[in-house]
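Trainee: Numbered per the numbering used here, the sequence shown finishes at 356, counting up by one with no gaps. Note that the Cβ used here is the ideal one computed from N, Cα and C, for glycine as well. I have a structure I would like to understand better, so I am pasting it below and will then ask my questions one at a time.
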Amino acid sequence: MTTIDTFSDGRKLRRATSGTPRTLTEDRPQEKSKDWAQASQNPPKGAADGVQAKGGKPSGLRTISRAAWLPYLVPVALVIVWQTLSSLGVISDRIMPAPVAVVAAFWERLLSGELVRDIAVSGARALSGLLIGGSIGFLLGIANGVSKLSEQLTDTTLQMLRTIPHLAMIPLVILWFGIGEEAKLFLTSLGVLFPIYLNTYHGVKNVDRDLVEMGRIYGMSSWSLFRKVIFPGALPSIFVGLRYALGIMWLTLIVSESIAANSGIGYMANTAREFMMTDVVVLALVIYAVLGKLADVVARALERWALSWNAAYQV
42 MTTIDTFSDG RKLRRATSGT PRTLTEDRPQ EKSKDWAQAS QNPPKGAADG VQAKGGKPSG
102 LRTISRAAWL PYLVPVALVI VWQTLSSLGV ISDRIMPAPV AVVAAFWERL LSGELVRDIA
162 VSGARALSGL LIGGSIGFLL GIANGVSKLS EQLTDTTLQM LRTIPHLAMI PLVILWFGIG
222 EEAKLFLTSL GVLFPIYLNT YHGVKNVDRD LVEMGRIYGM SSWSLFRKVI FPGALPSIFV
282 GLRYALGIMW LTLIVSESIA ANSGIGYMAN TAREFMMTDV VVLALVIYAV LGKLADVVAR
342 ALERWALSWN AAYQV
């Protein structure tokens, strides 16, 4: 009789054999096939949980469906409460018209074509102001972020101008430009300039210096270093500034159109106020809110596309 010492999971086993010693590999194929058969018949508990949830509905689809309707739960609930209080007479129509009255005003102006025209005019003003002010803010942020000389020349002046509320300049802007398109473009451009400038500037400044130094060591040119290292590293901060600027853009447009305009959504609201048409005033506010939300959705989609290489923005 002989003994064979084997090691399995760190424990020493001894097995007695008689006659010709048997090798350990003779029993392994049967043991493995038996283990695989048992594993296939009894899969580990929870193995399929990540694919399919209780009730037969995939957990991933359930998460996506919930994410689709959950953001609209609070707005819908507020509209229901609003309509209920209006129907019960708790809220007077002169103070806040019912949602059905706002929808009726929307439908009436949509059929007449006035609403489409006013939205188109306001949208063109907002987009033009964003392009003008955003471009200036972006270029200044890039220049001051990469050039010490440019920063010393212009940053102090820009920071001083930033502290002046741009809406407080409306009387002066009317004296300069009247109530034409130039006044609204100037105010909107000024409003979006500083958020984009600040976030672009800080985005460039906060790029990892080690990555920049590594690029220089590998012999990258200044343009290649900016294009492949500095600009991609600053993009998250730039998009934060863009989304913030979009909110200021609509805020500025609301005020400027209400004071100095002869067309647009703000003009529609101001005219309705003079004739005590509260439903149209509320409709104008709702339109501004919807347009602002749509602009933010577009900005977030653009952000996810431009930063798809970043793990933090991958869906």
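Over the uninterrupted alpha helix (DSSP H) stretch that includes PRO112, give me the two end residues.
Mentor: Residue numbering aside, residue 112 sits at position 71 when the sequence shown is read from its first letter. Taken as a continuous stretch (DSSP letters only), PRO112 belongs to no alpha helix (DSSP H), as it is neither H nor E.
Trainee: Could you tell me the distance, in whole angstroms, from the CA atom of PHE272 to the CA atom of THR293?
Mentor: Mapped onto the sequence shown, residue 272 falls at position 231. Mapped onto the sequence shown, residue 293 falls at position 252. Their Cα atoms are separated by approximately 29 Å.
Trainee: Got a sec? Which residues, its chain only, sit under 8 Å from MET210 by beta carbon, not counting five neighbours each side?
Mentor: The residue given as residue 210 occupies position 169 in the sequence shown. Result list for MET210: LEU228, LEU231, in chain order.
Trainee: Grab me the residues of ARG63's own chain with a C-beta within less than 7 Å of its C-beta, minus the 5 sequence neighbours each way, in chain order.
Mentor: For this step, residue 63 is matched to residue 22 along the sequence shown. Residue placement at ARG63 is flagged as unreliable, the pLDDT there being 48, under the threshold of 50; a coordinate-derived value is accordingly withheld.
Trainee: I'd like the span of the alpha helix (DSSP H) that includes GLY164, first residue to last.
Mentor: Looking up residue 164 in the sequence shown gives position 123. Element bounds for GLY164: 155-187.
Trainee: From which residue to which residue does the alpha helix (DSSP H) around VAL323 run?
Mentor: The count along the sequence shown starts at 1 and reaches residue 323 at position 282. Run containing VAL323: 319-347, per the alpha helix (DSSP H) assignment.
Trainee: So the candidates are ASN185, LEU348, ILE237, SER297; which of them puts its Cα closest to the Cα of TYR285?
Mentor: Within the sequence shown, the letter at position 244 stands for residue 285. Nearest option by C-alpha distance: ILE237.
Trainee: Can you give me the C-alpha to C-alpha distance between ARG345 and LEU171, rounded to a whole angstrom?
Mentor: Counted from its first residue, the sequence shown places residue 345 at position 304. Counted from its first residue, the sequence shown places residue 171 at position 130. One C-alpha to the other measures close to 20 Å.
Trainee: Here's a check: name, in chain order, each residue in its chain whose Cβ is nearer than 7 Å to the Cβ of THR312, leaving out the five neighbours to either side.
Mentor: As a working mapping, residue 312 is identified with position 271 in the sequence shown. Excluding sequence neighbours, THR312 sits near nothing in its chain.
Trainee: Evaluate ALA167 with the Cβ neighbour count: other Cβ atoms within 10 Å of its Cβ, from every protein chain shown; 16 or more gives buried, anything less gives exposed.
Mentor: Looking up residue 167 in the sequence shown gives position 126. Under this definition ALA167 is a buried residue.
Trainee: Any chance the segment 148-164 sits against the segment 303-311, with 3 or more Cβ pairs inside 8 Å?
Mentor: Flag = yes, the segment 148-164 and the segment 303-311 touch.
Trainee: How far does the alpha helix (DSSP H) with LYS269 in it extend, from its first residue to its last?
Mentor: On the sequence shown, position 228 is the one that residue 269 refers to. Where LYS269 is concerned, there is no enclosing alpha helix (DSSP H), given that its DSSP letter is neither H nor E.
Trainee: Mind checking whether SER297 and LYS189 have CB atoms under 9 Å apart?
Mentor: Along the sequence shown, read from residue 1 onward, the residue named residue 297 stands at position 256. Along the sequence shown, read from residue 1 onward, the residue named residue 189 stands at position 148. No, Cβ-Cβ distance for SER297 and LYS189 is not below 9 Å.
Trainee: Suppose the cutoff is 7 Å on Cβ atoms and the five residues either side in sequence are ignored; what does the same chain contact list for ASN185 look like?
Mentor: Here residue 185 refers to the residue found at position 144 of the sequence shown. Answer for ASN185: SER191, GLU192, THR195, ASP196, TYR242, listed in chain order.
Trainee: Mind checking LEU251: buried by the 16 CB within 10 Å criterion, or exposed?
Mentor: The residue labelled residue 251 in the question sits at position 210 within the sequence shown. It should be noted that the sequence gives Asp, not Leu, for residue 251. Exposed, because fewer than 16 other Cβ atoms sit within 10 Å of the Cβ of ASP251.
Trainee: Taking the alpha-carbon positions, what's the PRO212 to GLU222 distance?
Mentor: Counting from 1 along the sequence shown, the entry for residue 212 is found at position 171. Counting from 1 along the sequence shown, the entry for residue 222 is found at position 181. Distance between the alpha carbons of PRO212 and GLU222 is about 15 Å.
Trainee: Alpha helix (DSSP H) containing MET261: first to last residue?
Mentor: Here residue 261 is taken as the residue at index 220 of the sequence shown, counted from 1. No alpha helix (DSSP H) holds MET261; DSSP gives it neither H nor E.
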